[in-house]
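Below is one structure, written out as structure tokens, with a few remarks after it.
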Amino acid sequence: MRAAIGIALCAVVGLGSGCQDTKGPGGTNDNTDLGGGGGGGGGGGGGDPATPFDEGVTLTITRLAPGGDVARFALPVVRGRLADVATLRASKGGTPLAFAARELLADYDAAGARRGVRAVLIELPATALDGDATSITLRWSGGAGDPPSAPARDFASTSAAASETVRTVTRTITAASGGGQLVESNPQTRTLFTAREPNVVALLPEGYLGATRILGPVVTAARAAAPELAGLAPLSSAIGRFTGSAMYAESYALNPDPESVIDPVANYEGWLYDRCATFLVAHAHTTDAKLLRHALHSCSYYAGQIDTTTTDNRGIFKGKPDPDTKYSHLRGLYAYYAMTGDEAALEAGRAIADLWLNDAAFAIPYRRGMIRGIDKLWTERLLGTSMEGLYYGWLLTGDRKYRDGFMELLTTAHRHVTGDAAALAAINPGASFPPQSCFIHSAEQHSEGNADEPWCSSWMSELLIDILVRASDEIGGDVRERSDEIFIRLARFVRDVGSAYFTSDLLSDSFLKPSVCDRASDGENRRRLVPLYGSGIDAGGVRRSYGDYSDYEHCADATALMAAALRALVHRGSFAANPVAPFPSEGESFVALHEELASCAMRTFEEDSRPRRDPATWTAADLAPGVANPATFIRDNKIGYPKNPTNPQRKLSWWFNMSMLQFALLDDAGLQVPTLRTGRVQPASCP
Numbered sequence: 001m002r003a004a005i006g007i008a009l010c011a012v013v014g015l016g017s018g019c020q021d022t023k024g025p026g027g028t029n030d031n032t033d034l035g036g037g038g039g040g041g042g043g044g045g046g047g048d049p050a051t052p053f054d055e056g057v058t059l060t061i062t063r064l065a066p067g068g069d070v071a072r073f074a075l076p077v078v079r080g081r082l083a084d085v086a087t088l089r090a091s092k093g094g095t096p097l098a099f100a101a102r103e104l105l106a107d108y109d110a111a112g113a114r115r116g117v118r119a120v121l122i123e124l125p126a127t128a129l130d131g132d133a134t135s136i137t138l139r140w141s142g143g144a145g146d147p148p149s150a151p152a153r154d155f156a157s158t159s160a161a162a163s164e165t166v167r168t169v170t171r172t173i174t175a176a177s178g179g180g181q182l183v184e185s186n187p188q189t190r191t192l193f194t195a196r197e198p199n200v201v202a203l204l205p206e207g208y209l210g211a212t213r214i215l216g217p218v219v220t221a222a223r224a225a226a227p228e229l230a231g232l233a234p235l236s237s238a239i240g241r242f243t244g245s246a247m248y249a250e251s252y253a254l255n256p257d258p259e260s261v262i263d264p265v266a267n268y269e270g271w272l273y274d275r276c277a278t279f280l281v282a283h284a285h286t287t288d289a290k291l292l293r294h295a296l297h298s299c300s301y302y303a304g305q306i307d308t309t310t311t312d313n314r315g316i317f318k319g320k321p322d323p324d325t326k327y328s329h330l331r332g333l334y335a336y337y338a339m340t341g342d343e344a345a346l347e348a349g350r351a352i353a354d355l356w357l358n359d360a361a362f363a364i365p366y367r368r369g370m371i372r373g374i375d376k377l378w379t380e381r382l383l384g385t386s387m388e389g390l391y392y393g394w395l396l397t398g399d400r401k402y403r404d405g406f407m408e409l410l411t412t413a414h415r416h417v418t419g420d421a422a423a424l425a426a427i428n429p430g431a432s433f434p435p436q437s438c439f440i441h442s443a444e445q446h447s448e449g450n451a452d453e454p455w456c457s458s459w460m461s462e463l464l465i466d467i468l469v470r471a472s473d474e475i476g477g478d479v480r481e482r483s484d485e486i487f488i489r490l491a492r493f494v495r496d497v498g499s500a501y502f503t504s505d506l507l508s509d510s511f512l513k514p515s516v517c518d519r520a521s522d523g524e525n526r527r528r529l530v531p532l533y534g535s536g537i538d539a540g541g542v543r544r545s546y547g548d549y550s551d552y553e554h555c556a557d558a559t560a561l562m563a564a565a566l567r568a569l570v571h572r573g574s575f576a577a578n579p580v581a582p583f584p585s586e587g588e589s590f591v592a593l594h595e596e597l598a599s600c601a602m603r604t605f606e607e608d609s610r611p612r613r614d615p616a617t618w619t620a621a622d623l624a625p626g627v628a629n630p631a632t633f634i635r636d637n638k639i640g641y642p643k644n645p646t647n648p649q650r651k652l653s654w655w656f657n658m659s660m661l662q663f664a665l666l667d668d669a670g671l672q673v674p675t676l677r678t679g680r681v682q683p684a685s686c687p
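First residue of the sequence shown? That's 1 in the numbering used here, and the numbers climb one at a time after it.
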């Protein structure tokens with residue numbers, strides 16, 4: 001298995017079979033053209049795996065707004081490659097460039113001490129740019145040229161106001177030869193929200209963002225398209241399609257109906273689950289420059305919506321009328337700051353970190369080892385968001401108090417998942433649920449039912465994936481041990497309690513005990529395994545299920561949780577141990593569980609795609625029935641609406657923020673998914 005992991009890691013970082021690259025870590029002997037390709041990810045363990053960017057990177061500086069005598073941009077750095085900004089050198093076409101630079105974010109070792117540079121701010125004279133796109137090479141250490149001077153500009157003076165817009169037209173149907181035809185009128189460009197964008201942006205080579213892991217282990221679409229990952233290819237294509245529709249980048253103008261163009265300001269729930277991070281991840285995976293620009297706008301807008309001025313609501317998202325801490329995300333803002341140096345993101349990030357550090361309703365009691373009360377709100381979503389806020393707060397500011405707060409949360413979370421009855425009694429006084437490998441609490445605490453109803457949310461637990469994977473890889477040691485144990489326990493819970501099959505509705509069964517056969521002939525009602533919104537074992541030892549009809553919409557989230565658990569088993573060397581009937585090992589049971597959930601996710605993506613909304617697909621004969629009542633016909637068939645809608649709006653982020661990490665997690669585990677196999681567990685009555 002270790003050999004398989006090594007080979008997978010080499011594939012991820014793009015060094016070829018067996019990592020037999022004799023040209024040095026950068027994979028090139030050309031000192032003026034560094035890091036021109038490769039995959040996007042890398043293994044963990046606190047080390048610094050080889051990448052195509054070990055000596056430096058060649059990037060393209062693209063102008064977004066005219067004017068200015070300085071080109072200012074920021075760049076995340078591959079961990080362990082740049083110890084001090086003073087060693088950085090810049091060149092264009094082999095000729096050294098005079099430039100300014102400073103450390104934007106520090107990198108930290110496993111003990112929490114600064115060890116180098118995580119992101120750097122660069123200033124170039126505008127005279128160094130060649131029109132709208134200029135190729136620049138940065139070397140981490142050595143090379144010709146002088147060391148950088150100190151930058152003098154801030155983001156406000158090197159950025160411009162930007163609006164995110166959508167094109168709309170009014171459509172009707174008129175009679176025509178052979179049936180009907182669409183007629184468009186009243187074209188408009190509508191502003192959705194306003195933000196700021198840098199005057200110039202650095203377009204990075206394929207795989208670079210993944211290699212920096214600034215957004216976690218995100219691989220490129222090219223890596224996801226490899227034959228050994230072909231079973232997950234629909235996930236890779238889905239993120240491009242659905243983010244495209246979410247930013248209204250269709251090939252046609254949209255209908256202006258409120259159901260077609262959803263206002264992201266008035267419909268604020270789209271910012272839940274970190275929409276800023278979603279678009280950055282989508283760009284890192286697809287390398288689509290349009291996605292990058294939309295991501296920058298989204299992150300800038302979100303940073304501006306975080307309250308940094310008041311005491312009571314500091315760190316709260318102002319776009320939601322009533323204060324709600326679960327909207328306060330820091331992962332996306334951290335990466336955005338590393339890519340732009342926008343001081344507004346730094347200020348907003350500090351506010352979010354302070355919010356979670358001082359949160360007396362959730363974080364402080366849990367850091368001290370308990371839930372605040374038997375009738376007080378406690379959810380896995382709040383746990384994931386608070387851990388994210390504190391850990392990224394440390395990475396953003398270097399202030400150890402945030403790291404300490406994260407470590408305290410992790411200690412309680414580990415005890416919550418692994419503890420015996422006495423430990424659970426201390427964590428949740430007054431509850432009487434038995435230990436069960438999940439964050440057991442009550443439906444009342446989840447705002448979904450009564451105090452005697454056990455509740456663990458299988459799909460909501462996936463919000464822990466990024467932060468636990470990052471902390472595991474960056475700190476290692478006991479943090480990795482506890483994170484791996486949490487992932488393994490949560491996967492066991494999903495396997496044994498927290499899942500059920502779905503046909504036309506949820507069934508009263510579980511992954512290992514299906515009540516119906518898996519048959520392709522069942523068509524759209526063919527069974528699929530879904531993660532349950534709520535479930536658990538009650539005080540009497542009885543399994544209780546509180547699944548929702550729409551839980552199949554969360555299959556994509558759960559696949560990443562299974563991938564993290566598989567990686568954890570490999571870390572522990574126990575993949576082939578512990579048989580779980582009908583599987584020869586626990587690892588094989590997790591593989592089957594992952595493939596069932598992935599199959600469900602791919603079906604959901606397909607079912608939620610609406611290619612017929614494109615007006616170009618409608619023929620004259622198709623439109624003939626609409627001549628009599630055009631408005632109703634267009635509305636009922638949603639002609640001119642987005643082809644890949646995400647409704648509710650927050651679904652875009654719950655689908656992709658964590659699920660996109662699974663390619664690298666599976667690579668790290670040395671596991672392949674060339675196809676998705678379903679039906680490996682069948683009732684005895686099935687043929």
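Even glycine gets a Cβ: it sits at the ideal position worked out from N, Cα and C.
The DSSP-derived three-state label of GLU343 is helix. Within the segment 483–559, the complete beta strand (DSSP E) runs of at least 3 residues fall at 499–502, 528–531, 535–537, 543–545. Taking ARG610 as the centre and dropping the five residues before and after it, the same chain places the C-beta of LYS643 closer than 6 Å to its C-beta, in chain order. Our two residues, PHE511 and ARG572, have alpha carbons roughly 24 Å apart in a direct line.
Measuring C-alpha to C-alpha distances from PRO198 to each of THR191, ALA176, ARG153, THR170 identifies ARG153 as the nearest. With 16 or more other Cβ atoms from the protein chains shown falling within 10 Å of its own Cβ, GLU462 counts as buried. When the Cα atoms are used, PHE317 and SER521 turn out to be separated by approximately 48 Å.
The shortest C-alpha to C-alpha distance from ARG612 to any of ALA628, ASP636, HIS594 is the one to ASP636.
The straight-line gap separating the alpha-carbon atoms of ASP54 and MET407 is approximately 31 Å. Remark: three or more beta-carbon pairs, one from each stretch, lie closer than 8 Å, so the segment 130–150 and the segment 89–96 are flagged as touching.
Apart from the 5 residues on each side of it in sequence, THR308 sits with its Cβ closer than 7 Å to the Cβ of ARG314, GLU347, ALA348, ALA351 in its chain, given in chain order.
Annotation: the continuous beta strand (DSSP E) that includes SER135 extends over 133–139. When the alpha-carbon of GLY178 is set against those of ALA202, THR646, ALA620, the nearest one is in ALA620. Cα atoms of THR278 and MET660: separation of roughly 10 Å, rounded to the nearest angstrom.
Counting only residues of its own chain and dropping the five nearest sequence neighbours on each side, ALA556 has a CB closer than 6 Å to the CB of ALA601, TRP655, SER659. Linking TYR208 to ILE214 through their CA atoms gives a straight-line distance of about 10 Å. In the structure shown, ASP107 falls within a strand segment according to DSSP collapsed to helix, strand and coil. Taking a C-beta distance under 8 Å as the contact criterion, GLY534 and SER260 do not qualify as a contact pair. In this structure the segment 453–467 touches the segment 374–382; the number of beta carbon pairs closer than 8 Å is three or more. Here ALA425 has no same chain residue with a Cβ atom under 6 Å from its own Cβ, once five neighbours each way along the sequence are excluded. Within the segment 74–103, the complete beta strand (DSSP E) segments at least 3 residues long are 89–92, listed from N- to C-terminus. ILE306 is bridged by DSSP to PHE317.
The C-beta separation of LEU121 from ARG139 comes to about 17 Å, leaving the pair out of contact by the 8 Å criterion.
Judged by pairs of C-beta atoms under 8 Å, the segment 61–72 touches the segment 124–132, as three or more such pairs exist. For HIS294, no pairing in a beta bridge is given by DSSP.
Under a 10 Å Cβ-count criterion, SER442 is classified as buried, with 16 or more other Cβ atoms of the shown protein chains found around its own Cβ.
Apart from the 5 residues on each side of it in sequence, GLY116 sits with its Cβ closer than 7 Å to the Cβ of GLY80, LEU82, ALA83, ASP107 in its chain, given in chain order. When the beta-carbon positions are compared, ALA421 and PRO434 come within less than 8 Å of each other. In this structure, DSSP gives GLU123 an extended state, which the three-state scheme calls strand. Judged by DSSP in its simplified three-state form, GLN662 adopts helix.
SER185 counts as exposed, since fewer than 16 other beta carbons sit within 10 angstroms of its beta carbon.
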